[in-house]
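Since the structure comes first, as structure tokens, the remarks are kept for the end.
In the working numbering, the protein residues as written are 13 to 921.
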């Protein structure tokens, strides 16, 4: 412990000379005698004498200060010994009272001197004698050492005096003060750094600025090798101050950088030393950042943000060459820059943007250096992750700025795309969870083929193939949560990825887990174009399916396909074709799937809102009601009062409607032309045919039979008497209600006749619809009988005639009525009602009653077609005689047809 008093002089305002020189010398002799080892003078008395000499006898100052050093050293000894004893015995040693009194006396006088004449009393105080012992006890930490030293009254007093001196001289001789601190810190490093750090806490801005300035001066003139200790000292001091004064450090670094970049108009007259410091600033800052992560963070926060292409151009043309004086080679400089970029925790997004922009700079040097730094940065990051398995701060910072990667992945510039792929690949290795969000955002935007290839490349390099699937799931979920509707661009991108052979494998594998979400999206989609694209994507995925679908998933897909067909399929031929393809793929290979698909199609077409598309008449489904007003039963109950609502009390509201709202509005449906109804009906039949296809070429008879059974289940309200035989006509009195219900459905749902025709064309499937045919036939007989009693003329009721003809045509198509009965549909329109009754009863009903419409009547020919041989199925005379007689009575009308049916046929007339 020592006082350095070089250059100090006692101010005249403080010195009070003694009455005589003899008394001064006597006082000095007594003081020197008291300091000898043999003297037994009390320390406090001797200290007061020394302080008196210090005030009255300036020439004794050296002796007095040396004595004060011994006093402080003794006090520190006592403090260290007390700490050592405490560490061993865990007992606190009593502090020597005389030490504190003596130190207090010295502190009071010296502070008084400093306040009156600070320039004369500005000692530089250092402590290093016992530092090894102290730092061993505190594990060498600067903060721990500071706490221990500041707990010592002697060192605390010295620091207080030093701080007071600096506060008085900070504005007059700042460089000298800080330089002295730094010089002492370098000589006694690291034992003196805590003193500078403590002083800096009292004058943060000034100390930080001056510490940086002094360090820069030494770096500029001594170079990197000779001032490493000084740089370490600067780093240590600023690192301590960063805890409470980080903003001041950021400001000081930014100001220093801006000063280095400032162009002086009078550069010709600028001080040479100042110019050298200015050119050394950036290398100096790089060195500091390399030595301290804290300073690197401070530089990244502000200095990095101030860089732009113009600054880089200026550096390349003017100052860049001077930097090489502080590095062994340009490669070492670039390696250092890359190292700092990799460890930077802030500003990575600005850095990447700057390098990409500079890669197109007109200055070739800026362009090539930027490309080289970008390449080296990515390669070094890749090496750290793959080889060293280390976390890269640069990538952690990039991860916080995902918007930048999203923009790069959607860029049309090849360099930006390649950079995005490489950075995302590195991010995926370090933190895979960030990739789905970025890729999902890109997929929901319009993308070019190159951009889609870049997104796939990111996924392809990952071992985890679920990344792309997660991206799609996230995209769909975000759209549903934000209620932004179906992302049209997402489906367009997926469709093109599937159709691209290079990306097909990865895409299909990723889409497979999302089929359920796709089905939901298809069902909820309100845009025809987007719905067609979704359906196309589903069709492509199912076409390449290599796994079996779960039952639940099949149900979802079938429901979505049917919903798509009824919502948008009729608006464009592509929609119909896609829907047919979907249902065909879902139905093939499984009778259960086929039955589900057929049921969904028929139920929706017959008994749900889409029925109007096929000409349904009568009661309109309630789904098309125009009264959209909804009421909440809870709100209605709350209107009754604030008391608790109890069931069966008068305060509770239970009703099926709202009284006072008036009559319900009649439901309306969109107008549709007969031509459109015919087109829609043909489209639905084509859909039914697709569900029944086998190997995309021929309908399966079993599938059509299942359709016939399903039709009977949906149309017939009773399971009783649904067999194939036709009973006696009198038995129809038992089933009259059911027959009328079936007939009513045929009248209101013209689609039923088309479905029956489709079934009839696949013999013998129509046999299983026998109950429907005989129900319609029974009601027709009764209706024609009533018309006959009223003596109506032929064709008086076109609708009745049309229904009769439809029945006879379907039965003839299904070969349930052999020739000549198969031609009855051409004869009925020209007959009076009573004759129609005779034909239906004697020719149709009796024949069907005696010849059960059984599949056993049909045989398969050499081509595999099931049919009924007319030669073997010729009806007996009893079933055709009524028809022959009626035609003879109307020979003027049926002459040619009579000749064809009876005279030229093999039937015996």
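Just so you know, even glycine gets a beta-carbon here, dropped at the ideal spot from N, CA and C.
For residue 299 and residue 310, the gap between their C-alpha atoms comes out near 14 Å. Annotation: the continuous alpha helix (DSSP H) that includes residue 80 extends over 73–101.
Note on geometry: alpha-carbon atoms of residue 338 and residue 453 lie some 46 Å from one another. In the structure shown, residue 766 falls within a helical segment according to DSSP collapsed to helix, strand and coil.
Look at residue 705 here: in three-state DSSP terms it is strand. The criterion of a C-beta distance shorter than 8 Å is satisfied by residue 786 and residue 860.
No Cβ-Cβ contact shorter than 8 Å links residue 458 with residue 479. When rounded, the separation of the alpha-carbon atoms in residue 421 and residue 427 is 10 Å. Distance from the Cα of residue 37 is smallest, within the candidate group 61, 518, 248, 796, for 61. Counting along the chain, no alpha helix (DSSP H) covers residue 854, and no H or E run does either.
Of the candidates 43, 411, 429, 462, the residue whose Cα lies closest to the Cα of residue 445 is 411. Within the model, the alpha-carbon separation for residue 882 versus residue 870 is close to 11 Å.
With respect to the 8 Å criterion, residue 851 and residue 836 are classified as neighbours on the basis of their beta carbons.
The straight-line gap separating the alpha-carbon atoms of residue 164 and residue 355 is approximately 40 Å. By the neighbour-count criterion, in which a residue is buried when 16 or more other Cβ atoms sit within 10 angstroms of its Cβ, residue 464 is buried. In this structure, the straight-line span from the alpha carbon of residue 755 to that of residue 745 is close to 15 Å. One thing to note: residue 486 has its Cβ no nearer than 8 Å to the Cβ of residue 462. Excluding sequence positions up to five before and after residue 607, its CB lies within less than 8 Å of the CB of 718, 722, all in the same chain and listed in chain order.
For residue 603, the enclosing alpha helix (DSSP H) begins and ends at 603–619. Per DSSP, residue 404 lies in no alpha helix (DSSP H) segment and is marked neither H nor E. If you ignore the 5 residues before and after residue 91, its C-beta comes within less than 6 Å of the C-beta of 164, all in its own chain and listed in chain order. For residue 313, the uninterrupted alpha helix (DSSP H) segment begins and ends at 305–314. Looking at the DSSP output, residue 871 sits in a beta bridge with 879. Straight across, the Cα-Cα distance linking residue 823 with residue 584 is about 34 Å. Under DSSP, residue 711 forms a beta bridge with 705. Rounded to whole angstroms, the gap between the alpha carbons of residue 295 and residue 261 is 18 Å. Each of 764, 791, 511, 794 was checked against the Cα of residue 781, and the nearest Cα belongs to 764. Excluding residues up to 5 positions away in sequence, 232 lie with their Cβ nearer than 6 Å to the Cβ of residue 288 in the same chain. By the criterion of at least three beta-carbon pairs nearer than 8 Å, the stretch 541–553 is in contact with the stretch 564–579.
Here residue 584 carries a coil assignment [DSSP, helix/strand/coil]. Here residue 463 carries a helix assignment [DSSP, helix/strand/coil]. Note on residue 97: under 16 other CB atoms within 10 angstroms of its CB, so exposed under the neighbour-count rule.
By the neighbour-count definition (other C-beta atoms within 10 Å, threshold 16), residue 629 is an exposed residue. Taking C-beta separations shorter than 7 Å and ignoring five residues to either side along the sequence, the partners of residue 348 in its chain run 298, 302, following chain order. Contact annotation: the stretch 768–780 touches the stretch 812–823, with at least three C-beta pairs closer than 8 Å.
A direct Cα-Cα distance of roughly 16 Å separates residue 247 from residue 266.
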